[in-house]
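Visitor: My questions will all concern the structure given below.
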Amino acid sequence: MQSADIRKKFIGFYVAQGHAEIPSAPIMPLNDPSTLFTSSGMQPLVPYLLGQKHPVGNRLVNSQKSFRAQDIEEVGDNRHTTFFEMLGNWSLGDYFKKEQLPWIFTFLTKELQLDPTRLYVSVFEGNGAVPKDTVSIEIWKELFKGVGIDAKVGERIFTYPAKKNWWSRSGEPDNMPPGEPGGPDSEVFFDFGVSLGLHEKSIYKNETCHPNCDCGRFMEIANSVFMQYQKQEDGTLKELSQKNVDFGGGLERMTAAVVDDPDVFTTDLFAPIIDELEAFSGKKYGISLAETQAMRVVADHLKAATFMINEGLFPGNKQQGYVLRRLIRRSVVKIHQLGGTGSKSELGARVYQAVGKIYDGVYFQSQSEEFRALGQVLAEEINRFEKVLKKGMSELSKHETITGTVAFDLLQSFGFPWELTYELALEKGQQVDRDEFQKEFRKHQELSRSAAAGMFKGGLADHSEATTKLHTAHHLLLASLQQLIDPAIKQRGSNITAERLRIDVSFGRKFTPEELKNVEDLVNKKIKENLKVTRVEMPKEAAEKIGAQMEFGTKYPDRVSVYIVGLNEKVEPTSASRNDYFSAEFCGGPHVTFTGTLGHFTIVKEDASSAGVRRLYAKLA
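Structure below.
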């Protein structure tokens, strides 16, 4: 059974249970400045988990493209990746534990034919605020009993604290900010067995092995989150008005379980990439641990980079662009370590095409002109970093002794990675003080973290009044750009905080001061006209027909939410023409009801974001 079969079976299984399939949201969240990347299936659904009605119903299923930057340093073992697909199903105040747990057990044991004797589960052990999840324990006992297994707590069913069996975007309850939803979860683990000796070969060999052991014997393949609480301003947890189910199962890990191989990099989701790396380096995957780890890093990082580039992201020095650059540069370092005499940029191009073929017809059209053209972005960044490496090597040669501080300065000034500095120091017979390097690096991280926290404070996810106003102004700005300058202008991304809005739009040149002043005046004119902002749910085809604007690169469900500004009240929304409104966009909200509440609009700054994309900053006063 291949990964494509598992994806198809999962979607089909939950559709049969009355779920509506929704498309994957972009990896780079739209209108959610609280985070740089979509890291789970639930992230785009937060408003609906908190009670907003979803256009297609209260039972949803999809496969979500996901990226977790915090896992970059973890990549190298047999199961961690930064990019992954999250198979997910959701109940928005509909069914709960007694439906969800039997469904996922049936899917794993019947649809995927996994041996139930190799499945283990965990539940929340409880704390002072939330009781032990005895309901899930009893359900699991009955399910295992149905297949002839006496599931005892501590043998088949395990209880863990919040660190292991509680889920929110911020982790355990103490870390959740006010307004954040979360709840206890129940995980399913697949046992690859004792015969492989994974526990005995690991650093945990002197500890007792159990499902949540990090030795690699057990792999988490499914997680049902019972999202029923919301963090309050006073630090307490309050039950949500609706109890939700948020299920996530990594496609890569499920595939590994189905093929009974604990290494996700040997599955069909990575094998074509590994083949290219073997051909380039002349090395064989799985022989040398160091070389195997290097191949895993390159395979994961360049896959993630391919997805980001195809969503319109370019390598840069800030935010998402910086993460993309870091992924590509870490890959080049690992390719350097692998060896090989060919062109690294040509290897990057081959890996890019291999990723395209793996997901052809699902996320990419790998033979399309557009897909092929974007591959040049990757090749150019690899070539650029090759020059950086030469500069770093030259600077490194000036130092008789390579200290931890020198290593960090090389990283900070030239992008020269620690791994390469360390390797070159060893060639000189020197040891670099890693603790000193880490100390400098942590100082840098702390500064970056503080800056990011300030930047994203009051993001759209919190639905604050200031952010909601700017979100509405964002619609007026896009419509004004199209009306006054070029109707072909399209949005390529946005970032909205309580202090300002930022929008990226497709446009091939710098806007003139006169153009920006005219746009600014038109937005303020529409604010003074106090236009009504109307939210309408309609079929996607109807929204497209009336000319509603879509986010670049986004796939939408068959029924969508559309916000229309200045709609002619005599016209039905679904039969409106472009002359019947000022602005119409596919959007989940929130927005003000009338534009007159926005205040005065000012364009603060305009600059280049990437080739063919301009970035505008604006504020309200």
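Numbering (the numbering used here), first residue to last: 788 to 1408.
Yeah, the Cβ is synthetic: ideal placement off N, Cα and C, and Gly gets one too.
From a predicted model like this one, the values you see are computed outputs, not experimental measurements.
With a 10 Å radius around its C-beta and 16 neighbouring C-beta atoms as the bar for buried, classify Lys1070 as buried or exposed.
Guide: Counting Cβ neighbours within 10 Å, Lys1070 comes out buried, since at least 16 surround it.
Visitor: Going along the chain, which residues of its own chain have a beta-carbon closer than 8 Å to the beta-carbon of Gly1245, five neighbours each way excluded?
Guide: For Gly1245, the predicted structure reports a pLDDT of 26, less than 50, and the residue's modelled location is therefore unreliable. A value from the coordinates is still provided. Hits under 8 Å: Ser1251, Ala1253, Thr1254, Thr1284, Ala1285 and Glu1286.
Visitor: Could you name the residues of the same chain whose beta carbon sits closer than 6 Å to that of Phe976, not counting the 5 residues immediately before and after it, in chain order?
Guide: Within the same chain, Phe976 has close Cβ partners Tyr907, Pro998, Phe1005 and Glu1007.
Visitor: Would Gln830 be called buried (16 or more neighbouring beta carbons within 10 Å of its own) or exposed?
Guide: With 16 or more other Cβ atoms within 10 Å, it is buried.
Visitor: Apart from the five residues on each side of it in sequence, which residues of its chain come closer than 6 Å, Cβ to Cβ, to Asp1055?
Guide: Closer than 6 Å at Cβ, skipping near neighbours: Gln789 and Ser790.
Visitor: In whole angstroms, give me the CA-to-CA distance for Leu832 and Asn993.
Guide: In a straight line, the C-alpha of Leu832 is about 42 Å away from that of Asn993.
Visitor: Between the alpha carbons of Arg1279 and Lys932, how many angstroms are there, rounded?
Guide: So the alpha carbons of these two residues sit roughly 53 Å apart.
Visitor: Taking 8 Å as the cut-off, does the stretch 1026-1036 touch the stretch 833-840 (at least 3 CB pairs, one atom from each stretch)?
Guide: Flag = yes, the stretch 833-840 and the stretch 1026-1036 touch.
Visitor: Distance, Cα to Cα, Ile1122 vs Ser1068?
Guide: If I take the Cα positions, the gap works out to 8 Å.
Visitor: Which of helix, strand or coil does DSSP assign to Ala1363?
Guide: It is coil, neither helix nor strand.
Visitor: If you check the beta carbons only, do Tyr1016 and Gly969 fall under 7 Å apart?
Guide: Going by C-beta atoms, Tyr1016 is nearer than 7 Å to Gly969.
Visitor: Tell me where the alpha helix (DSSP H) around Ser1132 begins and ends.
Guide: Ser1132 -> alpha helix (DSSP H) spans Lys1131 to Ile1145.
Visitor: If Tyr947 sits next to Ser909, beta carbons under 8 Å apart, how far is it from one beta carbon to the other, in whole angstroms?
Guide: Between Ser909 and Tyr947 the Cβ distance is about 5 Å, and since that is below 8 Å, they are a contact.
Visitor: Using only alpha-carbon positions, find the residue among Glu974, Glu1328, Leu1176 and Asn1317 that is nearest to Thr1384.
Guide: The shortest Cα separation from Thr1384 among Glu974, Glu1328, Leu1176 and Asn1317 belongs to Asn1317.
Visitor: Counting only runs of 3+ residues fully inside the stretch 1241-1298, write out the beta strand (DSSP E) ranges in chain order.
Guide: Qualifying beta strand (DSSP E) stretches, in chain order: 1278-1283 and 1288-1293.
Visitor: I need the DSSP call for Arg905, collapsed to helix, strand or coil.
Guide: In this structure, Arg905 counts as helix in the three-state DSSP scheme.
Visitor: Compute the distance between the beta-carbons of Ala1212 and Trp1205, then report whether it is under 7 Å.
Guide: No.
Visitor: Using three-state DSSP, classify Asp792 as helix, strand or coil.
Guide: Helix at Asp792.
Visitor: Just reading off the beta strand (DSSP E) that Asn993 is part of, what are its end residues?
Guide: Here Asn993 belongs to no beta strand (DSSP E), and DSSP marks it neither H nor E.
Visitor: Can you tell me whether Ala1239 is buried or exposed? The criterion is at least 16 other CB atoms within 10 Å of its CB, across all chains shown.
Guide: With a pLDDT of only 40 at Ala1239, under the threshold of 50, the placement of this residue in the model should not be trusted, and no figure is reported.
Visitor: Beta-carbon separation of Asp972 and Val1012 under 7 Å?
Guide: Contact flag set, yes.
Visitor: For the candidate residues Gly1375, Asn1355, Leu1309 and Lys1277, whose alpha-carbon lies nearest to that of Glu1324?
Guide: Here the closest residue by C-alpha is Gly1375.
Visitor: By a C-beta neighbour count over all protein chains shown, 10 Å radius and 16 as the cutoff for buried, is Pro960 buried or exposed?
Guide: That one is buried.
Visitor: Using only the alpha-carbon positions, how far apart do Glu1063 and Arg1137 sit?
Guide: Glu1063 and Arg1137: Cα-Cα distance of roughly 7 Å.
Visitor: Using 8 Å as the threshold, is the stretch 838-855 in touch with the stretch 875-893, meaning 3 or more CB pairs across them?
Guide: Segments in contact, yes.
Visitor: Could you tell me the boundaries of the beta strand (DSSP E) in which Glu1372 lies?
Guide: Its beta strand (DSSP E) spans residues Ser1370 to Phe1373.
Visitor: Which one or two residues does DSSP pair with Arg1402 in a beta bridge?
Guide: In DSSP, Arg1402 forms a bridge with Asp1291 and Asp1394.
Visitor: Buried or exposed: where does Lys1409 fall if 16 or more other Cβ atoms within 10 Å of its Cβ makes it buried?
Guide: A question about residue 1409 goes unanswered here, because the residues of the chain that appear run from 788 up to 1408.
Visitor: The alpha helix (DSSP H) with Val862 in it runs from where to where?
Guide: Looking at the DSSP string, Val862 is not in any alpha helix (DSSP H), and its letter there is neither H nor E.
Visitor: Since Trp953 sits in a beta bridge, which residues does DSSP pair it with?
Guide: In DSSP, Trp953 forms a bridge with Pro971.
Visitor: Which residues in the same chain as Glu861 place their Cβ atom closer than 8 Å to its Cβ, once the five residues preceding and following it in sequence are excluded?
Guide: The answer, listed in chain order, is His867.
Visitor: For chain C, is any of its Cβ atoms less than 7 Å away from the one on Pro998?
Guide: The structure shown contains no chain C, having only a single protein chain.
Visitor: Runs of 4 residues minimum, wholly inside the stretch 873-928: which ones carry the alpha helix (DSSP H) assignment?
Guide: The stretch 873-928 contains these whole alpha helix (DSSP H) runs: 884-893.
Visitor: Is it right to say Ala1077 is buried, meaning 16 or more other beta carbons lie within 10 angstroms of its own, or is it exposed?
Guide: It counts as exposed.
Visitor: Tell me where the beta strand (DSSP E) around Asn1031 begins and ends.
Guide: Element bounds for Asn1031: Leu1024 to Gly1037.
Visitor: With which residues is Phe945 paired in a DSSP beta bridge?
Guide: Phe945 pairs with Ser909.
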